[in-house]
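Participant: Pasting a structure here, questions to come.
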Amino acid sequence: MAEKLRDRMLRDSVWRTLLLAIIVLVAGQWVLVWQYQRLESRRIEGLEQRVEQQQQMMEERAAREALRIFLEARIAGDEIGAGRSITERAALQRQQALFEFLGVRDYNVQGKEWLNEERVRFQVEITREQLRQIELIEVVKIGESYYVDSVQPAG
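Now the structure itself:
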(Lines of atoms letter the chains of each structure in order from A; the text may use other names.)
(Lines give C-alpha, C1' and ligand atoms only; values in the text may rest on other atoms or scores of the structure.)
Protein backbone atom coordinates (compact mmCIF):
# COMPACT_ATOMS: atom_id res chain seq x y z
CA MET A 2 0.00 0.00 0.00
CA ALA A 3 2.85 2.36 0.78
CA GLU A 4 4.28 1.69 -2.66
CA LYS A 5 0.94 2.45 -4.31
CA LEU A 6 0.75 5.72 -2.43
CA ARG A 7 4.33 6.52 -3.40
CA ASP A 8 3.66 5.69 -7.10
CA ARG A 9 0.47 7.74 -7.05
CA MET A 10 2.28 10.75 -5.54
CA LEU A 11 5.02 10.49 -8.16
CA ARG A 12 2.43 10.32 -10.95
CA ASP A 13 0.51 13.29 -9.52
CA SER A 14 3.76 15.16 -9.03
CA VAL A 15 4.68 14.68 -12.71
CA TRP A 16 1.27 15.97 -13.84
CA ARG A 17 1.44 18.87 -11.43
CA THR A 18 4.91 19.73 -12.62
CA LEU A 19 3.80 19.49 -16.22
CA LEU A 20 0.73 21.65 -15.51
CA LEU A 21 2.88 24.22 -13.68
CA ALA A 22 5.34 24.27 -16.61
CA ILE A 23 2.48 24.89 -19.06
CA ILE A 24 1.11 27.71 -16.89
CA VAL A 25 4.57 29.32 -16.67
CA LEU A 26 5.01 28.94 -20.44
CA VAL A 27 1.63 30.54 -21.22
CA ALA A 28 2.27 33.37 -18.74
CA GLY A 29 5.71 33.97 -20.27
CA GLN A 30 4.24 34.07 -23.77
CA TRP A 31 1.56 36.51 -22.63
CA VAL A 32 4.18 38.83 -21.10
CA LEU A 33 6.27 38.70 -24.29
CA VAL A 34 3.24 39.47 -26.47
CA TRP A 35 2.29 42.38 -24.18
CA GLN A 36 5.83 43.82 -24.32
CA TYR A 37 5.98 43.39 -28.10
CA GLN A 38 2.68 45.23 -28.55
CA ARG A 39 3.90 48.09 -26.34
CA LEU A 40 7.13 48.40 -28.34
CA GLU A 41 5.26 48.20 -31.66
CA SER A 42 2.77 50.89 -30.66
CA ARG A 43 5.63 53.25 -29.73
CA ARG A 44 7.37 52.46 -33.00
CA ILE A 45 4.19 53.07 -35.00
CA GLU A 46 3.64 56.41 -33.23
CA GLY A 47 7.20 57.43 -34.09
CA LEU A 48 6.73 56.42 -37.71
CA GLU A 49 3.44 58.32 -37.92
CA GLN A 50 5.14 61.44 -36.58
CA ARG A 51 7.96 61.13 -39.12
CA VAL A 52 5.50 60.62 -41.97
CA GLU A 53 3.56 63.70 -40.83
CA GLN A 54 6.76 65.77 -40.69
CA GLN A 55 7.79 64.61 -44.16
CA GLN A 56 4.33 65.39 -45.51
CA GLN A 57 4.55 68.89 -44.02
CA MET A 58 7.99 69.38 -45.60
CA MET A 59 6.66 68.25 -48.99
CA GLU A 60 3.72 70.65 -48.68
CA GLU A 61 6.06 73.51 -47.81
CA ARG A 62 8.31 72.70 -50.76
CA ALA A 63 5.34 72.67 -53.12
CA ALA A 64 4.11 76.03 -51.75
CA ARG A 65 7.60 77.52 -52.07
CA GLU A 66 7.85 76.21 -55.63
CA ALA A 67 4.58 77.93 -56.60
CA LEU A 68 5.89 81.14 -55.06
CA ARG A 69 9.21 80.78 -56.91
CA ILE A 70 7.48 80.24 -60.27
CA PHE A 71 5.34 83.35 -59.72
CA LEU A 72 8.27 85.53 -58.65
CA GLU A 73 10.54 84.29 -61.45
CA ALA A 74 7.77 85.10 -63.95
CA ARG A 75 7.57 88.62 -62.48
CA ILE A 76 11.33 89.04 -62.84
CA ALA A 77 11.17 87.83 -66.45
CA GLY A 78 8.10 90.00 -67.15
CA ASP A 79 6.23 86.86 -68.24
CA GLU A 80 2.60 87.74 -67.53
CA ILE A 81 1.32 84.56 -69.19
CA GLY A 82 3.63 82.35 -67.09
CA ALA A 83 2.61 84.19 -63.95
CA GLY A 84 -1.04 83.85 -64.91
CA ARG A 85 -0.72 80.05 -64.76
CA SER A 86 0.39 80.16 -61.14
CA ILE A 87 -2.24 82.52 -59.67
CA THR A 88 -5.87 82.23 -58.60
CA GLU A 89 -8.74 84.46 -59.74
CA ARG A 90 -8.36 86.52 -56.57
CA ALA A 91 -4.72 87.34 -57.36
CA ALA A 92 -5.62 88.01 -61.01
CA LEU A 93 -8.26 90.48 -59.83
CA GLN A 94 -5.73 92.18 -57.55
CA ARG A 95 -3.37 92.46 -60.53
CA GLN A 96 -6.11 93.98 -62.73
CA GLN A 97 -6.94 96.49 -60.00
CA ALA A 98 -3.24 97.40 -59.74
CA LEU A 99 -3.13 96.51 -56.03
CA PHE A 100 0.46 95.38 -56.59
CA GLU A 101 3.05 96.13 -59.25
CA PHE A 102 3.70 93.17 -61.48
CA LEU A 103 6.59 94.42 -63.59
CA GLY A 104 9.94 95.91 -62.63
CA VAL A 105 10.98 93.23 -60.12
CA ARG A 106 14.73 92.65 -60.20
CA ASP A 107 15.20 90.23 -57.32
CA TYR A 108 13.43 88.78 -54.31
CA ASN A 109 14.24 87.26 -50.94
CA VAL A 110 11.80 85.13 -48.96
CA GLN A 111 12.14 86.34 -45.38
CA GLY A 112 9.58 84.23 -43.60
CA LYS A 113 6.49 82.09 -43.77
CA GLU A 114 3.40 81.54 -41.66
CA TRP A 115 0.95 78.67 -42.08
CA LEU A 116 -2.56 80.11 -41.83
CA ASN A 117 -4.19 76.67 -42.06
CA GLU A 118 -3.38 73.30 -43.63
CA GLU A 119 -3.83 74.60 -47.17
CA ARG A 120 -2.78 78.24 -46.96
CA VAL A 121 0.61 79.78 -46.23
CA ARG A 122 1.64 83.44 -46.14
CA PHE A 123 5.16 84.34 -47.24
CA GLN A 124 6.91 87.56 -46.39
CA VAL A 125 8.97 88.46 -49.45
CA GLU A 126 11.39 91.34 -49.93
CA ILE A 127 11.05 92.58 -53.51
CA THR A 128 13.85 94.61 -55.12
CA ARG A 129 13.00 97.10 -57.88
CA GLU A 130 15.86 99.21 -59.22
CA GLN A 131 17.23 100.61 -55.92
CA LEU A 132 13.95 100.30 -54.02
CA ARG A 133 13.13 97.45 -51.68
CA GLN A 134 9.67 96.70 -50.41
CA ILE A 135 8.00 93.88 -48.49
CA GLU A 136 5.07 91.98 -49.95
CA LEU A 137 2.85 89.47 -48.18
CA ILE A 138 2.09 86.72 -50.66
CA GLU A 139 -0.45 84.05 -49.78
CA VAL A 140 -0.22 80.68 -51.47
CA VAL A 141 -3.20 78.30 -51.36
CA LYS A 142 -3.54 74.61 -52.17
CA ILE A 143 -6.23 73.83 -54.73
CA GLY A 144 -6.51 70.14 -55.49
CA GLU A 145 -2.97 68.84 -55.43
CA SER A 146 -1.22 72.05 -56.53
CA TYR A 147 -0.40 75.37 -54.93
CA TYR A 148 -1.23 78.76 -56.45
CA VAL A 149 -0.57 82.39 -55.48
CA ASP A 150 -3.87 83.65 -54.06
CA SER A 151 -3.04 87.12 -52.79
CA VAL A 152 -0.27 89.72 -53.10
CA GLN A 153 -0.31 92.65 -50.69
CA PRO A 154 2.31 95.28 -49.99
CA ALA A 155 3.22 95.18 -46.30
CA GLY A 156 2.29 98.13 -44.17
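Position in the sequence shown (from 1) plus 1 gives the number in our numbering. Glycine included, C-beta positions come from ideal geometry on N, C-alpha and C.
(1) For R75, count the other beta carbons within 10 Å of its own beta carbon; 16 or more makes it buried, fewer makes it exposed. Which is it?
(2) Run the CB neighbour count on Q30, radius 10 Å, all protein chains shown included, and call it buried at 16 or more, exposed below.
(3) Starting from Q153, trace the beta strand (DSSP E) both ways and give me its first and last residue.
(4) Evaluate the contact criterion for the stretch 81–100 versus the stretch 38–48: three or more CB pairs, one atom per stretch, below 8 Å.
(5) Rounded to whole angstroms, how far is the Cβ of E114 from the Cβ of V125, which I believe are closer than 8 Å?
(6) From G104 to E41, what does the alpha carbon distance come to, in whole angstroms?
(7) With a threshold of 9 Å between beta-carbons, can Q36 be considered close to chain C, or not?
(8) Straight-line CA distance for N27 to F123?
(9) Counting only runs that start and end within the stretch 56–133, where is the beta strand (DSSP E) found for 3 or more residues in a row?
(10) Quick one: what does DSSP say I135 is sitting in, helix, strand or coil?
(11) What did DSSP end up calling V140 once you bin it into helix, strand or coil?
(12) Between A210 and Y148, is the Cβ-Cβ spacing less than 9 Å?
Facilitator: Reading off the structure:
(1) buried
(2) exposed
(3) S146 to P154
(4) The stretch 81–100 makes no contact with the stretch 38–48; the number of CB pairs closer than 8 Å stays below 3.
(5) Actually they do not touch by this definition, with Cβ atoms about 12 Å apart.
(6) 57 Å
(7) In the displayed structure, chain C is absent; only one protein chain is listed.
(8) Position check: residue 27 holds Val in this sequence, whereas Asn was assumed. Going by the C-alpha atoms only, they are around 60 Å apart.
(9) 107–117 and 120–129
(10) Three-state DSSP puts I135 in a strand.
(11) strand
(12) An answer regarding residue 210 cannot be provided, because it is not within the stretch 2 to 156 covered by the chain.
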